[in-house]
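Residue numbers (UniProt numbering): 1 to 634.
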């Protein structure tokens with residue numbers, strides 16, 4: 001046995017490393033003066049914020065007083081603070097109040113104060129559980145804010161969210177047109193114009209000014225600020241929060257999103273749209289002409305998903321509005337509605353990119369195969385049965401590949417005695433054994449890689465479906481058997497405690513899917529072990545495969561417990577069908593004796609021309625053998 005020796009070099013190395021770390025820590029200590037300065041700066045910011053809040057409150061109260069009583073003293077005070085925009089306070093209609101515009105799909109309430117949407121209700125969707133009667137409200141109770149910072153020519157900074165607009169509601173055919181004007185004179189104003197069409201979640205939204213070139217400082221852009229704290233609308237807070245993200249399109253068609261963590265920020269150019277996505281519902285600001293720049297912010301508000309919470313994310317965007325010929329004229333759209341791929345695609349603005357369908361081939365499969373196929377099936381049958389039929393069709397499409405995989409395993413199983421003989425004959429020469437084994441495969445017309453191909457081909461299908469089900473709003477609040485919502489977990493029992501990585505409930509479909517995976521892996525792993533040749537290191541590999549039979553179902557049980565039950569239903573049905581197909585092929589289609597006879601016939605014929613992979617592998621082995629012989633001669 002090798003004795004442990006004292007190594008002074010190792011000790012010296014550790015001491016040096018420890019010394020370097022101490023030096024780095026000392027050098028990175030914050031300067032007390034810097035800390036004091038930062039503290040003073042923070043206190044100043046807090047004081048300024050409090051002063052501004054008090055000032056805004058005084059302005060708002062004075063505006064209300066002027067609008068209701070016409071008090072000249074209050075008006076004089078407002079003119080000092082607001083300059084020309086104090087004119088709005090003299091208008092009878094520019095006071096506390098709300099205007100509602102709605103159609104069959106959405107109801108929007110716009111406040112006179114600030115002129116922005118303070119309530120957005122989706123009439124076709126309910127929160128948490130269907131039948132609760134509580135509709136999905138994307139905006140309510142001051143969770144949203146829209147503000148334009150006005151820089152006046154006499155160096156004032158005013159915020160539109162604190163000022164009162166004059167509302168005018170008209171109709172243009174079936175369209176409802178709401179004009180909200182913040183006036184600086186009889187014919188000078190900043191206007192928000194909302195146009196809601198019949199049966200549409202999208203509304204026109206224009207910001208324009210008239211006659212303000214002398215009132216505002218037009219040398220600098222006006223900052224449009226849009227804030228939103230997203231309410232929880234689904235049963236699983238953690239699941240909803242995972243799919244709540246800020247998406248945007250920029251630089252001529254590039255779609256992207258901010259991270260899911262805390263205080264994520266990014267500044268982007270040429271922005272076409274900004275989407276505050278909260279899993280199945282989205283608030284989107286779309287611009288006809290790309291915005292020159294936008295500062296984006298996202299913050300995660302779920303600190304502990306075991307505790308019921310009101311909000312999931314906080315989003316914010318700051319967008320400069322550029323003056324053109326001394327005026328603002330920005331044409332945009334608002335969308336308040338479902339995150340429905342087909343619906344968003346119908347607007348032809350690339351809004352469907354906010355639906356997370358996967359990248360590359362995975363997204364292509366979802367967009368061109370799974371979404372059309374499932375959408376068609378769900379038109380005629382209940383969603384749970386549509387998933388089952390959908391699964392059957394996918395398995396049928398993959399059945400030729402599945403058959404070839406099982407056939408390859410059967411051939412390998414028949415050849416195993418001969419492969420074992422080669423192993424015994426060349427047990428002292430692993431390279432020679434591998435070469436002779438490859439020759440045997442070639443003579444018998446067996447491709448050892450054929451069994452791997454189905455797994456590789458099914459991987460994109462697996463991942464595409466993993467992305468498809470969480471994004472399918474059509475499953476939301478659709479029940480099947482004991483599951484009341486196929487877009488969320490199918491809890492059959494609530495636990496009195498929380499299990500890490502599992503949750504505080506028991507879902508049944510993941511249990512069934514895990515059982516099906518266990519039997520599927522037991523069958524396939526057993527066949528692969530019997531078919532595979534015995535080689536050095538194989539006992540350890542066999543042990544690992546046996547462990548995976550138990551670990552994989554357990555991982556799925558934990559991982560899918562809080563996932564969409566529709567996904568677990570798919571995997572349960574899929575693996576059950578696969579087990580059935582395997583049994584049929586094994587017992588009624590594949591005949592081992594015939595396969596053996598066919599292999600013997602193939603061995604008598606001229607060996608098939610090797611494929612590129614086999615030829616390359618043969619060349620590598622021959623080169624290695626030659627190098628080995630060369631080394632032995634030295």
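Glycine included, C-beta positions come from ideal geometry on N, C-alpha and C.
Which residues does DSSP list as the beta-bridge partners of residue i?
| i | result |
| --- | --- |
| residue 247 | 257 and 275 |
| residue 159 | 149 |
| residue 231 | 311 |
| residue 120 | 108 and 139 |
| residue 503 | 499 |
| residue 196 | 176 and 203 |
| residue 267 | 295 |
| residue 286 | 273 and 333 |
| residue 101 | 108 |
| residue 144 | 228 |
| residue 489 | Per DSSP, none; premise fails for residue 489. |
| residue 345 | DSSP, once it has assigned bridges, lists no residue as partnering residue 345. |
For a test of the three-state rule: what should DSSP assign to residue i, helix, strand or coil?
| i | result |
| --- | --- |
| residue 213 | coil |
| residue 482 | coil |
| residue 496 | strand |
| residue 416 | helix |
| residue 337 | strand |
| residue 424 | helix |
| residue 588 | helix |
| residue 224 | strand |
| residue 294 | strand |
| residue 477 | coil |
| residue 319 | strand |
| residue 181 | strand |
| residue 382 | coil |
| residue 366 | helix |
| residue 154 | coil |
| residue 300 | strand |
| residue 551 | helix |
| residue 174 | coil |
| residue 546 | helix |
| residue 96 | coil |
| residue 205 | strand |
| residue 47 | Low confidence applies here, because residue 47 scores a pLDDT of 47, under 50, leaving its location unreliable; read the following figure in that light. Three-state result, residue 47: helix. |
| residue 240 | helix |
| residue 91 | coil |
| residue 558 | helix |
| residue 463 | helix |
| residue 357 | coil |
| residue 218 | coil |
| residue 436 | helix |
| residue 125 | strand |
| residue 563 | coil |
| residue 188 | coil |
| residue 164 | strand |
Assuming residue i and residue j make a contact with CB atoms under 8 Å, what is their CB distance in whole Å?
| i | j | result |
| --- | --- | --- |
| residue 283 | residue 336 | 6 Å |
| residue 231 | residue 358 | Actually they do not touch by this definition, with Cβ atoms about 27 Å apart. |
| residue 189 | residue 210 | 6 Å |
| residue 560 | residue 510 | 4 Å |
| residue 569 | residue 384 | 7 Å |
| residue 549 | residue 586 | 18 Å between Cβ atoms; not a contact. |
| residue 182 | residue 323 | The pair is not a contact, with the Cβ atoms about 16 Å apart (cut-off 8 Å). |
| residue 160 | residue 114 | 6 Å |
Using a threshold of 7 Å, state whether the C-beta atoms of residue i and residue j are closer than that.
| i | j | result |
| --- | --- | --- |
| residue 144 | residue 228 | yes |
| residue 138 | residue 126 | no |
| residue 234 | residue 273 | no |
| residue 390 | residue 377 | yes |
| residue 297 | residue 265 | yes |
| residue 179 | residue 197 | no |
| residue 191 | residue 208 | yes |
| residue 470 | residue 321 | no |
| residue 468 | residue 562 | no |
| residue 302 | residue 241 | yes |
| residue 351 | residue 319 | no |
| residue 312 | residue 244 | yes |
| residue 104 | residue 199 | yes |
| residue 215 | residue 203 | no |
| residue 281 | residue 372 | no |
| residue 492 | residue 506 | yes |
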